[in-house]
Amino acid sequence: MSGFMGNGSTGNGFAGFVLRRAVGVLVTLLAISVIIYVVFYVTPGNVAQITCGPRCSPAQVQQVADQLRLDDPLYVRYWHFLEGLVAGQDYSTGTAVQHCPAPCLGLSYQSDQQVTELILTKLPVSLSLVFGSMVMWLILGVGTGVLSAWRRGRLSERVLTGVTLVGVATPVFVIGLVLMIVVCGELELLPFPQYVNLTDDPEQWAWNLLLPWLSLALIEAAAFARLTRSSMLETLAEDHIRTFRAYGVGERSVIGRHALRGAFAPVIALNANNVGSAVGGAVLTETLFGLPGIGRELVHAVDVVDLPVVVGMVLVVGFFVVIANALADVLYAVADRRVVLA
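Heads up: the sequence shown begins at 1 in UniProt numbering, then just goes up one per residue.
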């Protein structure tokens with residue numbers, strides 16, 4: 001979605017750019033919904049049986065087939081699916097009728113629970129994990145990358161580069177296990193993580209998420225450190241940086257006020273990608289620390305073959321990835337004035 005051409009980055013040009021990105025988001029989300037529907041609902045086999053689950057009776061399977069409109073043409077079935085996302089839908093469950101307000105992601109026939117409600121109960125946990133980790137990986141990664149570029153060729157730079165390589169190569173569950181054994185078990189500095197709602201006790205919420213944040217952040221910070229270092233070295237070699245130095249501007253000012261801003265645009269793009277994908281990709285972290293987020297719930301849904309929950313989770317993750325990338329494009333243009341808009 002990135003790529004910029006055009007005239008200027010302010011006024012009408014910027015408003016038009018944002019509008020085009022918004023239209024692009026809608027088109028991309030529509031394309032994702034088509035792909036997901038085809039992958040999960042236009043497959044060989046008894047889709048109604050898979051959707052309903054192995055414990056359903058023949059009458060229940062037929063009820064699910066009627067609700068999915070499996071006897072209708074494909075475009076009608078997809079329109080019914082899309083209509084549920086936009087306008088909501090009603091589901092018959094035995095003698096009762098459940099109304100699912102928009103965005104309706106379906107009904108789990110195994111738990112008799114609306115998928116939207118299920119995700120809304122799990123999403124705050126995943127968002128707490130991702131955004132807390134994001135703060136840490138930006139501080140650790142960008143700080144390490146700037147220091148490595150500043151101290152290029154010295155022993156400290158070699159040590160930091162080695163540490164980042166180890167971070168990239170180490171799985172998150174290894175880091176998490178080591179942290180729990182050392183910090184919680186041996187040193188007893190922190191309790192074993194147990195999720196607490198932010199609204200119930202903000203201090204305990206942060207205290208119990210500290211280790212999961214650090215585990216995920218250490219992995220991501222390594223990539224940010226490498227990207228920041230390479231971007232900083234490239235920016236420091238540009239003509240305007242040499243001009244600042246020739247006029248006697250201090251090295252700290254050159255690094256902090258000029259070089260860092262020019263090198264920060266790629267970091268914004270990478271951060272948006274990471275935030276979007278980490279919402280659904282923090283499965284190992286949530287499972288390891290027992291966090292009841294959507295990643296852990298997705299693993300459970302796959303394990304018990306709860307198809308509506310799997311489809312809903314994949315749609316939500318796709319939504320976050322697309323939105324995060326669109327915001328990255330906008331922030332990229334704001335952060336770097338050299339960018340022109342398309």
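We treat Cβ as the ideally placed atom computed from N, Cα and C, and that holds for glycine.
Asked, Found
"Can you say whether M1 is buried or exposed, counting buried as having 16 or more other CB atoms within 10 angstroms of its CB?", "With a pLDDT of 43 at M1, under the threshold of 50, the modelled position of this residue cannot be trusted; read the value that follows with caution. Under this definition M1 is an exposed residue."
"Is DSSP giving D303 helix, strand or coil here?", "helix"
"Given 8 Å as the limit, is there contact between the stretch 138-153 and the stretch 231-241, that is, 3 or more CB pairs closer than that?", "yes"
"Is C100 helix, strand or coil by DSSP?", "strand"
"Taking only runs of the alpha helix (DSSP H) that begin and end inside the stretch 209-282, which ones reach a length of at least 4 residues, in chain order?", "239-246 and 260-281"
"Using C-beta distances below 7 Å, list every residue in its chain close to C52, excluding the 5 sequence neighbours before and after it, in chain order.", "Q60, V61, V64 and Y109"
"Does the count of Cβ pairs from the stretch 301-313 and the stretch 191-202 closer than 8 Å reach three?", "no"
"If you draw a straight line from the alpha carbon of Y247 to that of R261, how long is it in whole angstroms?", "19 Å"
"Counting Cβ pairs, one atom from each stretch, are 3 or more of them under 8 Å apart for the stretch 208-216 and the stretch 279-295?", "yes"
"Sort V314, V322 and A328 by Cα distance to L123 and report the nearest one.", "V314"
"Taking the C-alpha atoms as reference points, what is the distance between L147 and L85?", "47 Å"
"Do G290 and P193 have their C-beta atoms within less than 8 Å of each other?", "yes"
"According to DSSP, is Y109 part of a helix, a strand, or is it coil?", "coil"
"Considering only C-alpha positions, which residue in the set Y332, F244 and V311 is nearest to L270?", "Y332"
"Three or more C-beta pairs closer than 8 Å, one from the stretch 314-328 and one from the stretch 23-40: is that the case here?", "yes"
"With a 10 Å radius around its C-beta and 16 neighbouring C-beta atoms as the bar for buried, classify L129 as buried or exposed.", "buried"
"Please name the residue or residues paired with Y91 in a DSSP beta bridge.", "Q98"
"If I'm right that T164 touches A222 with Cβ under 8 Å, what's the distance once you round it to whole angstroms?", "4 Å"
"I'd like to know whether the C-beta atoms of S126 and G293 end up nearer to each other than 8 Å.", "yes"
"Anyone know if the C-beta pair for L211 and L179 falls short of 8 Å?", "yes"
"Just curious, the alpha helix (DSSP H) that D66 is in, first and last residue?", "P58 to L68"
"Less than 8 Å between the CB atoms is what I'm expecting for A295 and L105, so what's the real figure, rounded?", "According to the sequence displayed, residue 295 carries Gly and not Ala. 16 Å between Cβ atoms; not a contact."
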